[in-house]
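Participant:
Protein chains: 2
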Amino acid sequence: MHSPELLKGTLQTILLKVLKDHGKMYGYEITQRVKELSDGRILLTEGALYPSLHKLEAEGLLKTETVMMGKRVRKYYSLTIEGKSLVKERVSEFVDFIRTMGNVLQVELS
Amino acid sequence: MHSPELLKGTLQTILLKVLKDHGKMYGYEITQRVKELSDGRILLTEGALYPSLHKLEAEGLLKTETVMMGKRVRKYYSLTIEGKSLVKERVSEFVDFIRTMGNVLQVELS
DNA sequence: TTATATGCATAATTCACTTATGTATTAATC
DNA sequence: GATTAATACATAAGTGAATTATGCATATAA
Numbered sequence: 139m140h141s142p143e144l145l146k147g148t149l150q151t152i153l154l155k156v157l158k159d160h161g162k163m164y165g166y167e168i169t170q171r172v173k174e175l176s177d178g179r180i181l182l183t184e185g186a187l188y189p190s191l192h193k194l195e196a197e198g199l200l201k202t203e204t205v206m207m208g209k210r211v212r213k214y215y216s217l218t219i220e221g222k223s224l225v226k227e228r229v230s231e232f233v234d235f236i237r238t239m240g241n242v243l244q245v246e247l248s
Numbered sequence: 139m140h141s142p143e144l145l146k147g148t149l150q151t152i153l154l155k156v157l158k159d160h161g162k163m164y165g166y167e168i169t170q171r172v173k174e175l176s177d178g179r180i181l182l183t184e185g186a187l188y189p190s191l192h193k194l195e196a197e198g199l200l201k202t203e204t205v206m207m208g209k210r211v212r213k214y215y216s217l218t219i220e221g222k223s224l225v226k227e228r229v230s231e232f233v234d235f236i237r238t239m240g241n242v243l244q245v246e247l248s
């Protein structure tokens with residue numbers, strides 16, 4: 139597990155990009171996918187995930203669709219048009235940040 | 139200027155590594171060096187810098203030496219033994235985090 | 001002489017996150 | 001058949017590293 143400090147500020151970017159790459163997803167599914175992609179190093183907590191999804195929805199970046207699976211509720215999230223255009227921005231912002239950090243810390247990020 | 143969100147959690151790592159690479163430095167000098175290394179993209183604020191330096195000192199990772207430059211005070215910071223050993227850890231932690239993020243976001247960090 | 005740069009410091013506030021808690025269904029294990 | 005773990009959502013309280021704002025003081029440039 140990574141130092142949680144470093145993760146700060148990256149959650150929205152992660153959510154948006156994962157939704158872009160994997161399409162319609164529900165909350166729990168996102169946690170599992172991120173866990174898988176990060177090889178168990180990034181474990182999204184519910185207390186961070188749901189408020190963040192709600193916020194992105196409130197900002198019009200995500201749209202939702204609630205589905206009953208038997209008696210259990212699933213809330214699927216997907217990107218809106220605005221969400222889609224923001225993803226690229228956020229990801230390249232992140233990549234740019236990493237490059238800068240590479241310079242400051244004088245490390246190779248192969 | 140980078141999204142300040144992303145910077146969260148990286149400040150200590152930056153301070154430690156810059157002090158390792160450039161030796162004894164004072165606060166203002168650190169801000170200038172980081173500004174230079176980041177090509178103006180990372181501007182450390184005093185409200186973040188000084189408390190962070192004080193904390194690292196209190197933890198025994200940095201030691202200080204106050205010097206009078208004419209009538210002006212300069213407080214030089216340098217790594218302690220413990221500080222030196224922590225730098226490598228923190229930097230490789232960061233690099234590892236970046237690799238993980240690369241996988242999650244599916245981006246190349248050349 | 002007035003703004004900008006140098007140089008340190010701390011207090012108040014913000015805000016994204018962790019931790020804790022709550023509710024409920026489904027599957028596995030013993 | 002009972003208990004635990006996994007699935008699935010949600011929110012409230014608390015934390016802590018940052019931002020913002022403020023304060024003090026000297027040195028330099030316009």
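For the record, the sequence lines run as chains X and L.
So the first sequence is numbered by my numbering: it starts at 139 and just counts up by one.
So the second sequence is numbered by my numbering: it starts at 139 and just counts up by one.
Backbone N, C-alpha and C define an ideal beta-carbon position, used for all residues, glycine too.
Can you pull the chain X residues whose beta carbon is under 9 Å from the beta carbon of L:G185, in chain order?
Facilitator: Simply none; closest approach about 17 Å.
Participant: Report yes or no: do three or more beta-carbon pairs, one from the stretch 187 to 197 of chain L and one from the stretch 229 to 237 of chain L, lie closer than 8 Å?
Facilitator: Too few Cβ pairs lie closer than 8 Å, so no.
Participant: When you compare the CB of X:I152 with every CB in chain L, is at least one pair closer than 7 Å?
Facilitator: True, the Cβ-Cβ gap to chain L drops below 7 Å.
Participant: Which residues in the same chain have their Cβ closer than 8 Å to the Cβ of L:K162, if we skip the five residues on either side of it in sequence?
Facilitator: Hits under 8 Å: E203, Y214, Y215, S216.
Participant: What residues in the stretch 163 to 188 of chain L have a beta carbon less than 8 Å from any beta carbon of chain X?
Facilitator: The stretch 163 to 188 of chain L vs chain X, Cβ under 8 Å: V172, L175, S176, D177, R179, I180.
Participant: Use the C-beta contact count for L:R228: other C-beta atoms within 10 angstroms, 16 or more gives buried, fewer gives exposed.
Facilitator: With 16 or more other Cβ atoms within 10 Å, it is buried.
Participant: To which residues of the same chain is L:V205 closer than 6 Å at the C-beta, ignoring the five residues directly before and after it?
Facilitator: Around L:V205: R212.
Participant: Would you kindly work out how many angstroms separate the C-alpha atoms of X:V242 and L:L175, rounded to a whole number?
Facilitator: If you take the alpha carbons of X:V242 and L:L175, they lie about 5 Å apart.
Participant: What is the rounded straight-line gap between the Cα of L:G198 and the Cα of L:H160?
Facilitator: Cα-Cα distance, rounded: 19 Å.
Participant: Any idea if X:M207 is buried or exposed, counting beta-carbon neighbours within 10 angstroms, 16 or more meaning buried?
Facilitator: The residue is exposed, with fewer than 16 neighbouring Cβ atoms inside 10 Å.
Participant: What number of angstroms, rounded off, separates the C-alpha of X:L145 from the C-alpha of L:K146?
Facilitator: Rounded to the nearest angstrom, the two C-alpha atoms are 8 Å apart.
Participant: Apply the 10 Å Cβ neighbour rule to X:K155 and answer buried if 16 or more other Cβ atoms are within range, or exposed otherwise.
Facilitator: Classification for X:K155: buried.
Participant: Taking the alpha-carbon positions, what's the L:E195 to L:S248 distance?
Facilitator: Roughly 35 Å separates the two Cα atoms.
Participant: Quick check on this structure: which residue in L:R210, L:L224, L:G178 has the alpha carbon closest to the alpha carbon of L:L153?
Facilitator: Checked all of L:R210, L:L224, L:G178; the closest Cα to L:L153 is L:L224.
Participant: In the DSSP assignment, find the beta strand (DSSP E) that holds X:V211 and state where it starts and stops.
Facilitator: That run of the beta strand (DSSP E) goes 210 to 217.
Participant: Alpha carbons only, please: which of L:L200, L:K209, L:R210 is nearest the one belonging to L:T218?
Facilitator: Minimum Cα distance to L:T218 is reached at L:L200.
Participant: What residues in the stretch 234 to 245 of chain L bring their beta carbon closer than 9 Å to a beta carbon of chain X?
Facilitator: Taking 9 Å as the Cβ-Cβ cut-off against chain X, the residues of the stretch 234 to 245 of chain L that qualify are D234, F235, I236, R237, T238, M239, G240, N241, V242, L243, Q244, V245.
Participant: Alpha carbon to alpha carbon, what distance is there between X:T238 and X:Q244?
Facilitator: Taking the straight line from one Cα to the other gives about 10 Å.
Participant: Using a C-beta cutoff of 7 Å, does L:L149 count as contacting chain X?
Facilitator: Closer than 7 Å: no.
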